[in-house]
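The sequence shown runs 104 to 366 under our numbering. For every residue, glycine included, the Cβ atom is placed at its ideal position computed from N, Cα and C. If you're wondering where the values come from, they're calculated on a predicted model, not measured in any experiment. Notes follow once the structure below has been shown.
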Amino acid sequence: MSGSTIKPWVVGNWKMNPMQADAKQLLQEFKQLLQEKEIAQEKCNIGVAPVAIALGTTQVELAKAVRPVFTVAQDVSRFAHTGAYTGEVSAELLKDSQIEYVLVGHSERREYFAETSAVLNAKAQNALNAGLTVIYCVGESLEQRESGQAEIIVLQQICDLASVVVAEQWQNIVIAYEPIWAIGTGKTASPEDAQAMHAKIREGLTQITSYGASMAILYGGSVKAENAVELAACPDINGALVGGASLNATSFYKIAEAFANTK
Ligand code: PEP
104 MSGSTIKPWV VGNWKMNPMQ ADAKQLLQEF KQLLQEKEIA QEKCNIGVAP
154 VAIALGTTQV ELAKAVRPVF TVAQDVSRFA HTGAYTGEVS AELLKDSQIE
204 YVLVGHSERR EYFAETSAVL NAKAQNALNA GLTVIYCVGE SLEQRESGQA
254 EIIVLQQICD LASVVVAEQW QNIVIAYEPI WAIGTGKTAS PEDAQAMHAK
304 IREGLTQITS YGASMAILYG GSVKAENAVE LAACPDINGA LVGGASLNAT
354 SFYKIAEAFA NTK
């Protein structure tokens, strides 16, 4: 399988947004767009990551869509199973609520919640052991890119993850390359730069796991309807993790459509 034949994923990361009524409307509009012009399931996986308290209602709303749209958790506890960990939601509790996907390693978690590679490894390991699919985010800062360290930083983040993943679990991992300087800034990596990093990630993955050639590698960082087609045209960009633009149903739909039609 070459990078360009992998089924793409388009996942909306709502972050700490929106209020309930707006979330409901956003989902209604998105479902309506899918109803008017369906994006075939076999052409693109689509997911939405709402705030934790909205996982259940989002799931109920998305179950009424004309095609599967996954509900994705934005976070998972580093503690497993159940227990006295106030405020935490474990991988097993997510699974018990039929949530099958989770983001781990988002740069906002790394930065604002001081999530180290040890913490992220525990989260990824718990999620994988519980049978969840992990969307694992990696990416460099502007300073790291400008000092020529981007590749080494990103590959190190993948090696950190590799220390806890056992062979067939790689099938349940999607990588999201998100240069930190492109997140929420309106600055997108050029398709050439993004493709170059994705190719390096793929090369690194193929050295680590026999699943490397078939793993989806998503790009994230100011993806919009306007730049989705050119990103989707890159062979090793197998989808997008979308922040801001996923809060607008039409933009999010167009991004998913771009990946479904271009791949
Ligand atoms: C993100 O938070 O994962 C992200 C890519 O955000 P944005 O699309 O707003 O840059």
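Helix, strand or coil: which one does DSSP assign to residue i?
| i | result |
| --- | --- |
| Ile202 | coil |
| Val241 | strand |
| Gly186 | coil |
| Ala176 | strand |
| Tyr314 | coil |
| Ala299 | helix |
| Ile283 | helix |
| Val207 | strand |
| Thr108 | helix |
| Ile255 | helix |
| Ala152 | strand |
| Val222 | helix |
| Leu350 | helix |
| Phe116 | First, the residue type needs correcting, since residue 116 is Asn and not Phe in the sequence shown. Of the three classes helix, strand and coil, the one that applies to Asn116 here is strand, per DSSP. |
Return yes when at least one heavy atom of the ligand PEP lies under 7 Å from the C-beta of residue i, else no.
| i | result |
| --- | --- |
| Leu334 | no |
| His209 | yes |
| Leu223 | no |
| Val345 | yes |
| Gly324 | yes |
| Gly186 | no |
| Ala166 | no |
| Lys134 | no |
| Glu214 | no |
| Glu329 | no |
| Asn120 | no |
Does the Cβ of residue i have 16 or more other Cβ atoms within 10 Å, making it buried, or fewer, making it exposed?
| i | result |
| --- | --- |
| Pro111 | buried |
| Ala297 | buried |
| Val163 | exposed |
| Glu369 | Because the chain here runs from 104 to 366, residue 369 falls outside it and cannot be looked at. |
| Gln274 | exposed |
| Val326 | buried |
| Gln123 | exposed |
| Phe216 | exposed |
| Gly234 | exposed |
| His184 | exposed |
Given this structure, state the Cα-to-Cα distance separating residue i from residue j, to the nearest angstrom.
| i | j | result |
| --- | --- | --- |
| Ala328 | Trp117 | 16 Å |
| Gly115 | Asp178 | 14 Å |
| Pro153 | Leu350 | 10 Å |
| Ala176 | Ala227 | 13 Å |
| Gly186 | Ala225 | 16 Å |
| Lys357 | Leu258 | 31 Å |
| Ala230 | Ser200 | 14 Å |
| Val268 | Glu203 | 17 Å |
| Lys127 | Pro121 | 9 Å |
| Glu360 | Ala265 | 32 Å |
| Gly251 | Val113 | 29 Å |
| Glu214 | Gly242 | 12 Å |
| Gly150 | Glu246 | 31 Å |
List the whole-angstrom C-beta distance separating residue i from residue j, where the pair is believed to meet the contact cut-off of C-beta under 8 Å.
| i | j | result |
| --- | --- | --- |
| Glu333 | Pro294 | 5 Å |
| Tyr322 | Ile340 | 5 Å |
| Ile286 | Gly208 | Not a contact, Cβ separation roughly 13 Å. |
| Glu141 | Val169 | 6 Å |
Distance cutoff 8 Å, beta carbons only. Does residue i sit that close to anything in chain B?
| i | result |
| --- | --- |
| Trp273 | Within the model displayed, chain B is absent; a lone protein chain is all it includes. |
So is the beta-carbon of residue i under 7 Å away from any non-hydrogen atom of the ligand SAH?
| i | result |
| --- | --- |
| Ala194 | This structure simply doesn't include the ligand SAH; it includes the ligand PEP instead. |
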